[in-house]
Amino acid sequence: MSALLDSLTAAFDTLPLREAGGLGPARREALEALRRDGLPGARVEAWKYTSLRPLERRSFAAANEAQAFDAAWVASIPAPRIVFVNGVFAGELSDLSTLETGVTVEPLSAVLARGDSRECNVLGRRFERADEPFARLNAALATEGAIVRVDAGVQAKHALHLVTIGAPTGTEVASHLRHLVDLHQGARLEIVEHLISAGLHANLATSIVHAHLKPEAQLVHARLQDEAGGAQLFARTDAVLARDAVYRRLDLELGAGLSRHELNVALHGDRACTNANGVLLGDARRHLDTRLGIDHVGRDGRCELVWRGLASGRSRAAFHGGIEIREGADGTNAALSNKNLLLSDAAEIDSQPVLVIHADEVQAAHGATVGQLDPTSLFYLRSRGIPSNEARALLTAAFCRETLAVLDDGATRDLLAARLDAALARMESP
């Protein structure tokens, strides 16, 4: 048994609300499955590009206690917002006073404390595959998160900000969050996830977001990951779309030492649609891994995926874009574009687009490239008197900013563009 699993097993023994909602047996089953199968090695296809061997030798304490914070620290993030510090709900930093009628947001711990097994159903989900170790870990240990529900027909005007702060505590800690976003028929909501740091730390965090979109619902979901350079993050988003539902998404992976995110979208209903864009920004020794799994089940569905990757220093970025079109999913239109820029000789980018098609009447395309900045464009900018560093910065910013087009809300787009520009500036600094 690894030091990592030993420390996480110890955390399970002291877990608050472990038995709440009748979830005790499911939690123990998830932990036992993880301990039985261990962490996957490089021969497991899903983990081919991300080694967990260095992590196996580390141990993390449980992060069950709230940490005091000055509310001014999150004042720049507008309300409504719900905040978690090292996986613990921070009521003093949260502000849900501006929630609109028909939108409810509640900490998962409050739901568990009531012990209503129907509300806790989402936590009972089983992860059967051995290549899902961190989903199993989350199933065993997550007792906090946000439960978000929007009533039928409600069109929320204000974005909900879901803020996760990693903070130093004197010892390395592990935290686990589980979120549910449930949109009823015809509802619309925008969510912005912030995964940020309040100082240097090397903590471990897992998170799972379940998004359920009923018929004609619309969810705009942006995720900004700008954590401390030593942080270890393992995140997963599972979205299920009913007929005519629309899921638009933007992922900015800008920080952390090791970050892996799995985005799974199941288009179950006819005419369901998803547009998902993302940026992987690697510098120093950062390791970023993104895996997409788009599953077309209903007829006349549509997905459009645009991902951009940059790697400098000794960083590594891995991207897997999987699209499956099931038998009977006629009329599907699917497209994936993954372009990458290598900005140093020691950096590495691995791209793996995959199309699996079981239906005849479909349109599907994918493309992936790895290269350097276009020398013709550089020459053009230099010929206009623009210094070399500035010309390179302009081209890389334009390369990444293309992904922001998936958002149509000006305030959210501007906020994320500013964080992207700041990360690009850090990348260019000596």
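Numbers given in our numbering equal positions in the sequence shown, counted from 1, plus 400.
We put the beta carbon where it would ideally sit given N, CA and C, even for glycine.
Since this is a predicted model, take the numbers as computed values, not measurements.
- Closest option to Val444, judged by alpha-carbon separation, among Gly767, Arg458, Ser402, Asp531: Asp531.
- Residue state for Pro787 is assigned as coil, using DSSP reduced to three classes.
- Here DSSP, grouped into helix, strand and coil, assigns Asn538 to helix.
- By a beta-carbon distance limit of 8 angstroms, Ile591 does not contact Ala539. Their separation comes to about 22 angstroms.
- Beta-bridge annotation (DSSP): His579 is paired with Val609.
- Our two residues, His696 and Asp760, have alpha carbons roughly 13 angstroms apart in a direct line.
- Residue environment analysis places Gln632 among the buried positions, since at least 16 neighbouring C-beta atoms fall within 10 angstroms of its C-beta.
- Distance between Leu613 and Arg648, taken at the CA atoms: about 12 angstroms.
- Looking only at Ala628, Glu544, Glu572, the smallest Cα-Cα distance to Ser597 is reached by Ala628.
- Under the three-state reduction of DSSP, Tyr449 is assigned to coil, being neither helix nor strand.
- Taking C-beta separations shorter than 6 angstroms and ignoring five residues to either side along the sequence, the partners of Arg686 in its chain run Ser715, following chain order.
- Residue range 763-771 is occupied by the beta strand (DSSP E) that includes Thr769.
- Rounded to the nearest angstrom, the Cβ distance from Thr606 to Leu537 is 6 angstroms, consistent with a contact under 8 angstroms.
- For Tyr780, there are no CB contacts under 7 angstroms within the same chain when 5 residues up- and downstream are skipped.
- Taking C-beta atoms as the reference points, Thr637 and Val609 count as a pair closer than 8 angstroms.
- Excluding five sequence positions before and after Arg782, the CB atoms of its chain that fall closer than 8 angstroms to its own CB belong to Ser788, Ala791, given in chain order.
- In terms of Cβ geometry, Gly545 and Ala567 do not form a close pair [threshold 8 angstroms].
- The beta carbon of Gly693 sits closer than 8 angstroms to the beta carbons of Glu662, Leu663, Asn664, Val665, Gly722, Glu724 from its chain, once the five residues preceding and following it are set aside; these are given in chain order.
- Just so you know, the alpha carbons of Gly731 and His766 end up roughly 17 angstroms apart.
- Of all alpha-carbon atoms in Thr498, Leu604, Gln763, the one lying nearest the alpha-carbon of Ala556 is that of Thr498.
- Here the C-alpha atom of Leu795 lies approximately 13 angstroms from the C-alpha atom of Arg708.
- Phe799 carries a helical assignment under DSSP once its states are collapsed to helix, strand and coil.
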